[in-house]
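Mapping of the sequence shown onto this note's numbering: residues 5 to 211, in sequence order. Cβ coordinates follow ideal geometry from the N, Cα and C atoms, glycine included. Here is the structure we will look at, set down as structure tokens.
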Amino acid sequence: MDAFPDASSQALGGPTGTYQKRGARGVIRVLVADDHLAVREGVRTLLANEREITIVGEADDGSTALALARSLRPDLIVLDDSMPGIGSLDVARTLLAELPGTAVVFLARNPGMRDLALAAGATAFVSKDAPSEELLRALRASTAAVTARQQLSALKPEGRRVVELLLGSRVMTQEQVQEALAKRAAGESLATTVVRLGLLGQPELAD
């Protein structure tokens, strides 16, 4: 599908709740929160053939989204910008405070919500009128960003200083740093990983 269906005339409700979880390692576990069944079905169809992404639950209001997120602890939440009950911005703020390892991607009708959503901590803001590939890119990038933050927090102080140096001096991009964090071998310093992968040709960093 090229864009998500116009849900303005769709009734609330439909199948919400939790699904059987997959145990495959590396699979991105997603909770979809939207009050319109047509949108949830659209996301479900979009992700049906994505082997690395699985939907573990659906919610049609803010309070259900909070309850399911606390129970399921998904990697990522696709969140409508106008949830009934507890508002979408409050849902995002609460979840990100309680589950900092979870990414929130807003799937929205109102472009005016973009700045507010990002200020609330969302990692991406995608229009419901956008091509479906844009949502897929946002899901993958958002999950990678959360993983990188977790890996960064696990670094020793000297490793974090290397990251600050690399990003601050603009000799590496955020994407390159994320790649190095993801491919760092056990016990290997981040600087050594950077040189080993050829991301930066400065062997003195590995000293």
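- Across the set Gly105, Ala158 and Gly116, the C-alpha of Gly116 shows the shortest separation from the C-alpha of Leu93.
- In the three-state scheme derived from DSSP, where H, G and I count as helix and E and B as strand, Arg188 is classed as coil.
- For Thr147, the CB contacts under 7 Å within the same chain, skipping 5 residues up- and downstream, are Ile32, Asp79, Leu80 and Ala107 in chain order.
- Under the DSSP assignment, Glu54 falls outside any alpha helix (DSSP H); it carries neither an H nor an E label.
- Straight-line spacing of the CA atoms in Ala96 and Ala195 works out to 35 Å.
- Selection Arg174, Ala149, Ala190 and Ser157 evaluated against Gln182 yields Ala149 as nearest (Cα-Cα).
- When beta bridges are read from the DSSP output, Ile81 appears opposite Leu35 and Val108.
- Per the Cβ contact rule, the region 82-89 is in contact with the region 109-123 (3 or more Cβ pairs under 8 Å).
- In terms of Cα proximity to Arg74, the closest of Leu100, Asp64, Leu156 and Pro88 is Leu100.
- In the DSSP assignment, Ser131 falls within the unbroken beta strand (DSSP E) covering Ala128 to Ser131.
- A straight-line Cα-Cα distance of about 15 Å links Glu138 and Arg48.
- A direct Cα-to-Cα measurement between Gly172 and Val198 gives close to 16 Å.
- Boundaries of the alpha helix (DSSP H) around Ser92: Ser92 to Glu102.
- About 7 Å separates the beta carbons of Lys132 and Val43, which is inside the 8 Å limit, making them a contact pair.
- The C-beta separation of Ala145 from Ala128 comes to about 7 Å, placing the pair in contact by the 8 Å criterion.
- By the Cβ-count criterion, Glu168 is exposed, with fewer than 16 other Cβ atoms from all chains shown falling within 10 Å of its own Cβ.
- The C-beta of Asp39 has 16 or more other C-beta atoms within 10 Å across all chains shown, which makes the residue buried.
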